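Mapping of the sequence shown onto numbering that gives the first Met the number 0: residues 0 to 291, in sequence order.
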Amino acid sequence: MKRESLENFYCNQVRQFKDTINQIQVSPAREAIHKIRLNIKRIRALKDVFCFIDSSRFFDEDLKSLTPIYKEIGEIRDIQVTKGLIREIIQDYGLQFDELIIFFNLLEKEKTARLQSINFQSNDFNELDSFYRKVQETLRQISEQQLTSILTNDFIQSRLNLFQGLTQELENEESWHTVRTHVKRLFFLLEFLKKEPVNSLVIKNQRKLVRKIETGLGHWHDQVIMLNLIGKFLEVEKYIHFADNCNIFLIQKVLYREKRSFLEQSVSLVEELLNQYHTSENINPATYSPDH
């Protein structure tokens, strides 16, 4: 495991983020919004790793300057995904939701205008540079062997420990939103590790399972967001007469059923992942205990 790999990865994500932030304010295209969300997610995932490595130097509130932009583009992205799902429903069921689509278009336009009104400056994200300096200082203080052990054993185990006991809490949506966040960050790490010489059959199997879980929880999240947006549509006074529209209620019923199904599938895969991890041997025998 080369420490430079982590440094280079972080620098590449920051560079792409800074390039895209200017592009988004001029023309917040769907592709650019998706790209910058990925950049922020990867940066946050890396922060998660370093918070684990050295909790005395890195904190949960680090990189808080990314939160406003992530929230704004997240709301736009949710609407864009929901519009895509509505188009699929129209095609699959042969139903029309003209008023609902108009509502989503107006909402997206409103959120986009709000994003463009925020005048981001390059120095708004100086925190990214100071965080990088902390990364460099931390990596200088640990060996390659220690870093490999942390990433391939300790950190992965710590994330999986968070999932223990949750498989019986299907109704606790807040917990599963948290699980989804950690699953995405764990998948980022496993994807990163596949490019490193520490790769092994255990990591490959874990990566496949985590990918399936991430996909399933992603579909579950899409249904949650879509149901929330439909709820907002039905709360608008001028659309209130559509509350009795059978098509709307039909789709809500379908979404609730699919949401439950995706979550149940994900729970089963989480249990499989936990069983697989606990029955496998550690990938790297080197020991290192981060100070928590």
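From the three backbone atoms N, C-alpha and C, an ideal C-beta is built for every residue, glycine too. Just so you know, these numbers come straight off a predicted model, no measurement behind them.
Just to confirm my understanding: we take residue i, look at its own chain, exclude 5 residues before and 5 after, and list those with CB closer than 7 Å. What are they?
{"i": "THR217", "result": "What sits at residue 217 in the sequence shown is Gly, not Thr. No residues qualify anywhere along the chain."}
{"i": "THR81", "result": "PHE103, ILE224, MET225 and LEU228"}
Rounded to whole angstroms, how far is the Cβ of residue i from the Cβ of residue j, which I believe are closer than 8 Å?
{"i": "ILE72", "j": "LEU114", "result": "7 Å"}
{"i": "LEU208", "j": "GLN275", "result": "7 Å"}
{"i": "ILE88", "j": "ILE250", "result": "6 Å"}
{"i": "VAL178", "j": "GLU213", "result": "Not quite, the Cβ-Cβ distance comes to about 10 Å (not below 8 Å), so this is no contact."}
{"i": "ILE20", "j": "PHE119", "result": "6 Å"}
{"i": "ASP53", "j": "THR137", "result": "5 Å"}
{"i": "PHE154", "j": "PHE51", "result": "5 Å"}
{"i": "GLU6", "j": "GLN135", "result": "7 Å"}
Give me, in chain order, the residues of the same chain whose beta-carbon lies closer than 6 Å to that of residue i; leave out the 5 immediate sequence neighbours on both sides.
{"i": "LYS211", "result": "LEU268"}
{"i": "TYR69", "result": "ILE39"}
{"i": "LEU185", "result": "ARG158 and VAL209"}
Measuring alpha carbon to alpha carbon, tell me which of the options ends up nearest residue i.
{"i": "LYS1", "options": "ILE202, VAL223 and LEU150", "result": "LEU150"}
{"i": "SER64", "options": "VAL48, SER55 and ILE42", "result": "ILE42"}
{"i": "GLY215", "options": "LYS258, GLN95 and LEU192", "result": "LYS258"}
{"i": "LYS34", "options": "VAL48, ASP47, PHE49 and ASP18", "result": "ASP18"}
{"i": "ARG29", "options": "GLU107, ARG14 and GLN144", "result": "GLU107"}
{"i": "VAL48", "options": "ILE117, LEU37, ILE23 and SER148", "result": "SER148"}
{"i": "LEU37", "options": "GLN22, GLN15 and PRO27", "result": "GLN15"}
How should residue i be labelled, buried or exposed, when 16 other C-beta atoms within 10 angstroms of its C-beta is the threshold for buried?
{"i": "LYS110", "result": "buried"}
{"i": "LYS194", "result": "exposed"}
{"i": "TYR9", "result": "buried"}
{"i": "THR278", "result": "exposed"}
{"i": "SER288", "result": "In this prediction, SER288 has a pLDDT of 41, which is less than 50 and means its spatial position is unreliable; what the coordinates show is noted afterwards. SER288 comes out exposed."}
{"i": "ALA31", "result": "buried"}
{"i": "ASP128", "result": "exposed"}
Excluding the 5 residues preceding and the 5 following residue i in the sequence, name in chain order all residues of the same chain whose CB lies nearer than 8 Å to its CB.
{"i": "ALA44", "result": "LYS183, ARG184, PHE187 and LEU188"}
Entirely within the region 164-227 and at least 3 residues each: give me those beta strand (DSSP E) ranges in chain order.
none
Which residue spans inside the region 122-154 form an unbroken alpha helix (DSSP H) run of at least 4?
125-139 and 143-148
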